[in-house]
Each structure stands twice: as C-alpha cells, then as structure tokens.
Amino acid sequence: ETDLISNQGKLFWKKQLDGKILGKIEQMDMYKNGRLQLVFATQSKVYVLDRNGKDVSPFPLKFNDKITQPLSVFDYDNKRSYRLMVTQGKNVLMYDQLGKIVSGFKYKSAKNNIATQPKHFRISRKDYIVFADGNTLEVLDRVGKQRVNVKEAIDFSGNEIYLYNNNFTTSNTSGELLEVNQKGNVNHKNLNVSENHHITTTSKTLAVLSDNK
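Each residue of the sequence shown is one higher than the one before, starting from 1035 at the first, in the working numbering.
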C-alpha cells in the first residue's frame, strides 16, 4: 500500500499495490504541464500515479518476468523527455514517458544479473548509463552502446555507483573506494573499513559508514 500525506499530516489518499515498491518513488512531468506524477516499480508492474493517486494511462505496465532493480527514470537533457529503464535479471527495457518501448535503445543483455540500479550521469555534455554486471562496470551511451571500456574487473561490495569528482565511483569487498575515469582507468583508495560498509556521495562529498562509525 502507498499513502500520500500532507506536511500537516493529513491523509490525501491510499492505494493498494500488487507488491513492495522497489527503491525510491520518483517524480516526472509526463505531459510537460507542471503537474507531477509519481513513478515507481514493483516486481511485476511499473506504476505512474497522478496527484489523486489514480493510475495514468497506459500505466501500470504489467510484466511477466520479475523486475529485479528499482525503476530508473532519466531526463537526459532536462527537457522533461523522460526515459524509464526497467531491469529484469540480465536484461533492460527502455520506455518513454508515455509507456512506449524505445526502439533506438540497442543494449542486448548483460552476461550476469544486473546487480545495481542503472544510473544516468552527464559529464561535459556526454551521457553515461552505468550499472554492475558481475565483475564488470558497464558504462553505456544513451542508445545502449559501450561508451567506456573499464580496464579492471571489480569485486563489487553491493554499494551503488555514484558520480563523485566526475568519476564513476563505488567500492569493493576489500574496503577500497574505486574511482573510474572516462578512459576506463580505475583508481583504488583504501578506506580502512570492514567488508560490510556503506558509501554514498554527492558530486563532491563522500560519506562512509563502517560498523557504527
């Protein structure tokens, strides 16, 4: 179930869903009129809800195969021309904001189950879509072709991939911070943390949690 509650604690609406929401609920302005919709995925559907909690046609989209990562919502040029990326195991599907498949997205499939939510980053007018595929950091362009060949295999720690100091940044199970530049070179920094650590970044700030520190 999902609820919308005002900042005064007033309940606006409730909606019963078919399953647990994966990741965060995103917003988009699918009709480019300033009215925002809520967009998210469960394991079997992609939902777009209006401000009253009603489904916006043609959503929800229904899937036979399980959705395995949170829904990725991209707006490449900040022009409210959204792309919705659905991850199913080794495969990704790209839809536009009106629920139509984007035929120009050519990525075939990963070798392994995709282990992180695909993210979009822009560095000096170039678009990058990044995610973990086994021990490979996949870095694609906006049509799904490889944009960067990452030079090393990575033993991913389970943390997300971030854009930090203009490098694709994550960590490995040895407790190292890995910063991958746009040529695919990997820089290692020892964080002196346990295997079960967490990282998060903004564009220029890194926060690390290890045990209770």
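Backbone N, C-alpha and C fix where the C-beta goes; we use that ideal spot for every residue, glycine too.
- The Cβ neighbour count for Q1103, taken over all protein chains shown within 10 Å, is at least 16; the residue is labelled buried.
- Inter-segment contact for the stretch 1211 to 1218 and the stretch 1174 to 1188 is present: three or more beta-carbon pairs are separated by less than 8 Å.
- Between V1164 and F1202 the beta-carbon gap is near 5 Å, inside 8 Å, which marks them as a contact.
- As a beta-bridge residue in DSSP terms, Q1061 pairs with L1072.
- When the five nearest sequence neighbours on each side are left out, the beta carbons in the same chain lying within less than 6 Å of the beta carbon of A1241 are those of T1234, in order along the chain.
- Counting along the chain, the unbroken beta strand (DSSP E) around L1171 starts and ends at 1170 to 1174.
- Here the alpha carbon of L1212 sits roughly 7 Å from the alpha carbon of N1206.
- Following the DSSP letters along the chain, one finds Q1042 in no beta strand (DSSP E), marked with neither H nor E.
- Cα atoms of Y1110 and R1159: separation of roughly 10 Å, rounded to the nearest angstrom.
- Distances from the alpha-carbon of D1189 to those of V1173, V1177, D1167 put D1167 closest.
- The three-state reading of DSSP puts Y1129 in strand, counting E and B together.
- Under the three-state reduction of DSSP output, L1105 falls in the coil class, being neither helix nor strand.
- Per DSSP, L1240 is one residue of the beta strand (DSSP E) stretching across 1240 to 1244.
- Taking C-beta atoms under 8 Å as the contact rule, Y1141 and G1178 qualify, at a distance of about 3 Å.
- Residue burial is scored here from C-beta neighbours: L1070 has fewer than 16 other C-beta atoms within 10 angstroms and is therefore classed as exposed.
- Cβ neighbours of I1135 within its own chain (closer than 8 Å, five residues either side excluded): L1127, M1128, Y1129.
- Taking 8 Å as the upper bound for CB-CB distance, I1157 and N1125 are not in contact here, some 26 Å apart.
- Per DSSP, reduced to three states, the secondary structure at I1195 is coil, with no helix or strand assignment.
- The beta carbon of L1174 sits closer than 8 Å to the beta carbons of Y1141, Y1162, I1163, V1164, Q1180, R1181 from its chain, once the five residues preceding and following it are set aside; these are given in chain order.
- Take the alpha-carbon of K1066 and the one of R1114: they are about 6 Å apart.
- Look at D1161 here: in three-state DSSP terms it is strand.
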